[in-house]
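Using my numbering, the first residue of the sequence shown is number 37, and each one after it goes up by one.
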Amino acid sequence: MKLGSRREGFSNKLGFVLAAAGSAVGLGNIWRFPYLSAKYGGGIFLLTYLILVLSFGYALLISEIGIGRMTRRGPIGAFRKLCAHHKSFLGSVRIGGWINALVPMIIIPYYVVIGGWVTRYVVALACNPVSGFHKDVLATVEGKSMPASAAYFQNFITSWQESLIYFLIFLIITAIVVACGVKKGIEQFNKVLMPMLVILILGICIYCMFLPNAGAGFKYYLMPDISKFSYMTVVAAMGQLFFSLSLAMGIMVTYGVYMRREDDLISNVNQVEVFDTGISFLAGMMIIPAVVVFGGEKAAENAGPGLIFVTMPQVFASFPAGRFFGTLFFILVLFAAATSAVSMLETNVHTVCQELGLSRKLSLAYCLLEILIIGTITVLGYSVLSHVHPLSFIEKYQSFDILDSLDFISNSVLMPIGAIFTTVLIVAVIGLERFTREIKNGKKWYRQYLYQLCMCVIVIPCLLVVLLNAVGILK
Ligand code: TRP
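Written as structure tokens, this is what we have:
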């Protein structure tokens with residue numbers, strides 16, 4: 037789908053769901069969700085996440101797609117158009133559009149860094165015998181003994197030349213796709229590759245069920261343990277929800293633009309939501325029991341962004357034809373990451389193009405420069421700049437490195453602010469009744485009251501609590 041071809045619309049309903057789900061499914065589901073649920077207590081995180089998806093996620097997804105379909109404009113234009121007749125406070129709600137457009141610019145540099153890690157692991161698994169990653173093989177890094185796969189990851193991210201090269205490779209792939217406008221081609225590929233990814237993940241889940249002691253791992257992932265609940269569970273789950281459903285970053289508003297009036301927005305939203313959450317759930321099933329089996333609950337609680345890179349090679353080391361399946365797995369993840377990175381870059385280019393009135397080529401160059409600078413700093417955050425902790429002024433984030441900090445600022449601070457603006461726009465500027473009618477478009481809508489309840493009384497207070505807690509004001 038090219039952003040220039042506004043009026044084309046989607047040829048059929050499946051087209052919309054595949055496009056929205058295709059860009060929604062990415063590293064968020066496979067890399068981010070599992071490590072967060074391992075870290076924040078397994079079952080309790082999963083439960084919190086599911087509740088939030090069904091209330092918040094649902095309300096915000098409908099709102100954003102609805103705004104796009106109603107105004108036929110991207111986030112900045114939509115906010116501007118709707119606020120145009122208002123002076124004073126309501127007129128200033130229009131800055132919400134800018135916040136929504138800013139978020140993907142912060143996310144994409146570190147998304148590309150992780151894309152680079154995935155690229156590295158395609159090569160690593162293709163070129164090395166997987167037995168070297170077996171959980172019982174130990175290695176020593178800086179005097180500390182650890183599993184070989186953890187040492188491998190540690191050595192990779194701390195060697196800045198190597199990580200920089202893979203970051204650049206992934207960036208160049210993304211840039212070529214956007215520059216040549218061959219996104220359609222990639223999406224064609226994805227129709228085959230994404231189902232393959234799902235099947236492979238399912239296969240690995242089944243395999244993990246038969247690992248010795250798997251019961252303890254499944255219990256950790258599926259049984260909520262209330263004693264592990266804290267505010268941070270909600271903050272993390274909320275951030276993950278925004279990230280995974282690509283909310284509060286203008287993406288869904290842009291998708292709404294392509295949706296035809298006669299399409300059934302609500303059932304589309306349901307499908308996107310179920311699909312996205314289903315994949316996250318499966319990814320958790322694939323990784324978390326394995327982490328608990330290999331390293332115990334402690335290892336799960338200490339999980340960080342390296343989780344899939346440390347644990348999956350261990351799984352493949354004991355897997356039949358592990359080298360082949362391991363390589364295939366990372367290739368498929370690479371594709372999922374690349375399509376998301378391409379959508380994100382394309383959105384940024386479009387924003388710069390429209391708002392600064394630059395040519396597409398020049399806008400692309402600016403966006404690439406931005407990714408290059410921030411991405412390089414992020415990569416160096418694990419080696420040359422490892423003493424830099426940007427959020428050290430807040431006690432609980434003292435250990436955050438540069439990647440963690442960018443991730444935190446976009447997902448836990450800017451996105452809630454963006455979502456608050458979207459909610460104010462609907463409730464106060466457009467009017468909830470009018471917007472509900474517009475969404476319904478004469479069709480039945482069973483969860484209408486849930487939607488209205490969320491928008492009126494739940495979303496804003498909850499987001500404020502999350503926000504205040506995230507920035508350390510509320511404990
Ligand atoms: N939702 C995507 C994922 O789960 C990530 C993402 C964030 C994204 N922002 C985006 C994808 C913008 C496409 C466009 O990985």
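Glycine residues also receive a C-beta, built at the ideal position from the N, C-alpha and C atoms.
Taking contact to mean 3 or more Cβ pairs, one atom from each stretch, closer than 8 Å, check whether the stretch 267–276 and the stretch 430–449 are in contact. Inter-segment contact for the stretch 267–276 and the stretch 430–449 is present: three or more beta-carbon pairs are separated by less than 8 Å.
How many Å lie between serine 263 and lysine 334 at the Cα? Per the coordinates, the alpha-carbon of serine 263 lies some 15 Å from the alpha-carbon of lysine 334.
Cβ of leucine 63 within 8 Å of Cβ of threonine 363? With a cutoff of 8 Å on beta-carbon distance, leucine 63 and threonine 363 are scored as not near each other.
Exposed unless 16 or more other CB atoms sit within 10 angstroms - verdict on phenylalanine 457: The C-beta of phenylalanine 457 has 16 or more other C-beta atoms within 10 Å across all chains shown, which makes the residue buried.
Sorry if obvious, but does the Cβ on phenylalanine 317 come closer than 7 Å to a heavy atom of the ligand TRP? No, the beta carbon of phenylalanine 317 sits no closer than 7 Å to any heavy atom of the ligand TRP.
Cut-off 7 Å between Cβ atoms - residues of its own chain near glycine 40, not counting five sequence neighbours on either side: Unreliable placement is indicated for glycine 40, whose pLDDT of 41 sits below 50; the coordinate value is still reported in the next sentence. Around glycine 40: no qualifying Cβ.
Identify whether proline 231 lies in helix, strand or coil by the three-state DSSP scheme. Proline 231 falls in the helix class under three-state DSSP.
Taking 7 Å as the cut-off, does the CB of proline 452 come closer than this to any heavy atom belonging to the ligand TRP? No, the Cβ of proline 452 stays beyond 7 Å of every heavy atom of the ligand TRP.
Would glycine 79 and proline 260 be called neighbours here (beta carbons separated by less than 8 Å)? Note that the C-beta distance between glycine 79 and proline 260 is below 8 Å.
Tell me whether asparagine 191 is buried or exposed, calling it buried when 16 or more other Cβ atoms sit within 10 Å of its Cβ. Around the Cβ of asparagine 191, a 10 Å sphere holds fewer than 16 other Cβ atoms; the residue is exposed.
Nearest-angstrom Cα separation, counted from leucine 499 out to isoleucine 462: Looking at the backbone, the Cα of isoleucine 462 and that of leucine 499 are separated by about 16 Å.
How many angstroms separate the CA atom of threonine 313 from the CA atom of valine 424? Taking the straight line from one Cα to the other gives about 34 Å.
Euclidean distance between Cα positions of threonine 22 and asparagine 477: Here the chain comprises residues numbered 37 to 511, so residue 22 is not present and cannot be evaluated.
Residue range of the alpha helix (DSSP H) that alanine 137 falls in? First-last of the alpha helix (DSSP H) with alanine 137: 131–163.
Once the 5 residues before and after phenylalanine 189 are set aside, which same chain residues still bring their CB inside 8 Å of it? So the list reads Gly342, Phe345 and Val346, once near-sequence residues are dropped.
Count the other CB atoms within 10 Å of the CB of glutamine 434; is the residue buried (16 or more) or exposed (fewer)? For glutamine 434, the number of other beta carbons within 10 angstroms of its own is below 16, and it is reported as exposed.
Among all the DSSP beta bridges, which residues are the ones paired with lysine 180? Paired residues: Val177.
For glutamine 225 and methionine 106, I'd like the C-alpha separation in whole angstroms. This sequence places phenylalanine at residue 225; glutamine is not what is there. Distance between the alpha carbons of phenylalanine 225 and methionine 106 is about 31 Å.
Taking alanine 377 and isoleucine 208 to be in contact with their CB atoms under 8 Å, please state how far apart those CB atoms are, rounded to whole angstroms. Not a contact, Cβ separation roughly 11 Å.
Does the stretch 377–395 come close enough to the stretch 176–183 to have 3 or more Cβ pairs within less than 8 Å? Contact fails: fewer than three Cβ-Cβ distances are below 8 Å.
Give me the Cα-Cα distance between lysine 255 and proline 248, rounded to the nearest whole angstrom. Roughly 14 Å separates the two Cα atoms.
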